[in-house]
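Input: a single structure, listed below in structure tokens.
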Amino acid sequence: MTKLGSKDEIRRAQRTVEGANPADYSEALERGLSVLKVFKHPDERLTQADIARSLDLPRATVRRAIMTLVHLGYATPDGRAYRLTPHVLTLATAYLGANPISHVLQPACEEICHELSASCTVAVLDNNDAVMVARAVPRNPMGVGHGVGFRVPAAHSALGYVLLSAESADRRTEVLTSGVAPLQETALDRALSAIADVDLLGFAYVANDVEPGFHSIAVPLRRWDGTVVAAINVGTNIEHLDADVLQGPVFQRLIETAQRLQPQLI
Numbered sequence: 006m007t008k009l010g011s012k013d014e015i016r017r018a019q020r021t022v023e024g025a026n027p028a029d030y031s032e033a034l035e036r037g038l039s040v041l042k043v044f045k046h047p048d049e050r051l052t053q054a055d056i057a058r059s060l061d062l063p064r065a066t067v068r069r070a071i072m073t074l075v076h077l078g079y080a081t082p083d084g085r086a087y088r089l090t091p092h093v094l095t096l097a098t099a100y101l102g103a104n105p106i107s108h109v110l111q112p113a114c115e116e117i118c119h120e121l122s123a124s125c126t127v128a129v130l131d132n133n134d135a136v137m138v139a140r141a142v143p144r145n146p147m148g149v150g151h152g153v154g155f156r157v158p159a160a161h162s163a164l165g166y167v168l169l170s171a172e173s174a175d176r177r178t179e180v181l182t183s184g185v186a187p188l189q190e191t192a193l194d195r196a197l198s199a200i201a202d203v204d205l206l207g208f209a210y211v212a213n214d215v216e217p218g219f220h221s222i223a224v225p226l227r228r229w230d231g232t233v234v235a236a237i238n239v240g241t242n243i244e245h246l247d248a249d250v251l252q253g254p255v256f257q258r259l260i261e262t263a264q265r266l267q268p269q270l271i
């Protein structure tokens, strides 16, 4: 029998604690999906050893998972490494096609991006991450150029702060203190304060967290009954649009967009 890694043992124990029925749970599917998610960029190339080390899974388990993904067309060999293929986009087709957030707000992102020559993104909260479901970037953006489906830690982004502002106090702390880069002490207090300020200011502003010289502002997107369903932001180089511009006219532009689209979000 393949020996479980320490992280795998923890995950199995957590399922037992949470009451998951072993007969209803497929570890093979869990591991296959975890292999897919370990690829962070479309052009990233990883070897079996890279994947096994990242997930703390046995090499034999990783080999079966990646070879299955190759057989199904979701991954392809590249020398000794592997990379994802565009076929992985089919996994999101049903969600993006049926989810009004994506097709209603993509045109809005493109409009704002064209107007400001800055990136515009819509994201929803998934576990500890803000996941992009609509995005537009200028033709010559700076290094931050990820697309739909990319995940950013909610603890380190304006999008995440806005999304967490709609969560309970316990949930906020849970997200901020877990994940790949948990916050501690001063940083945690600062983040909690910024999240609380969303209700007072109407926005979250973060600078230099994604990369030096980059900043962004985000506001909530609410559906018809006022429930926050997503967040929309504008991000750009500080030299292109400074903090006063982002927190002034750009903030007003985002608020106008959110109000205009609220009746269409369900």
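Every number in this note's numbering is 5 more than the matching position in the sequence shown, counting from 1.
We put the CB at the ideal spot given by N, CA and C, even for glycine.
Every value quoted in this text rests on a predicted model; they were computed, and no experiment measured them.
Each residue's CA atom was taken as its position, placing Leu-89 and Val-138 some 19 Å apart. In this structure, Val-67 places its C-beta atom within 9 Å of the C-beta atom of Ala-57.
Judged by beta-carbon spacing, His-245 lies beyond the 9 Å limit of Ser-162, meaning their Cβ atoms are not closer than that value.
In the DSSP assignment, Pro-158 forms a beta bridge with Asp-134. Tyr-210 is classed as buried because its beta carbon has at least 16 other beta carbons within 10 Å across all chains shown.
DSSP places Ile-222 in the uninterrupted beta strand (DSSP E) bounded by 219-227. DSSP places Ser-124 in the strand class (E or B) of the three-state scheme. Taking a C-beta distance under 9 Å as the contact criterion, Ser-198 and Asn-133 do not qualify as a contact pair. Two segments are said to touch when three or more pairs of C-beta atoms, one from each, lie closer than 8 Å; by this definition the region 233-244 does not touch the region 175-191. With 16 or more other CB atoms across the displayed protein chains lying within 10 angstroms of its CB, Arg-140 is buried.
A Cβ-Cβ contact shorter than 9 Å links Gly-165 with Val-157. Of the candidates Gln-53, Ser-59, Ala-159 and Pro-63, the residue whose Cα lies closest to the Cα of Leu-74 is Gln-53. Secondary structure in the region 193-261: the beta strand (DSSP E) runs of 3 residues or longer, each lying completely within the stretch, are 209-212, 219-227 and 233-242 in chain order. In this structure, Ala-223 places its C-beta atom within 9 Å of the C-beta atom of Ile-237. Counting along the chain, Thr-81 sits inside the beta strand (DSSP E) bounded by residues 80-83.
Rounded to whole angstroms, the Cβ separation of Val-93 and Leu-41 is 7 Å, and the two are in contact under 8 Å. The beta carbons of Val-129 and Val-239 sit no closer together than 9 Å. Here Tyr-30 carries a coil assignment [DSSP, helix/strand/coil]. Rounded to whole angstroms, the separation of the alpha carbons of Pro-268 and Asp-204 is 21 Å.
Beyond the five residues adjoining it in sequence on each side, Arg-50 comes within less than 6 Å, by CB distance, of Asp-83, Ala-86 and Arg-88 in the same chain, given in chain order. When beta bridges are read from the DSSP output, Ala-86 appears opposite Thr-52 and Asp-83.
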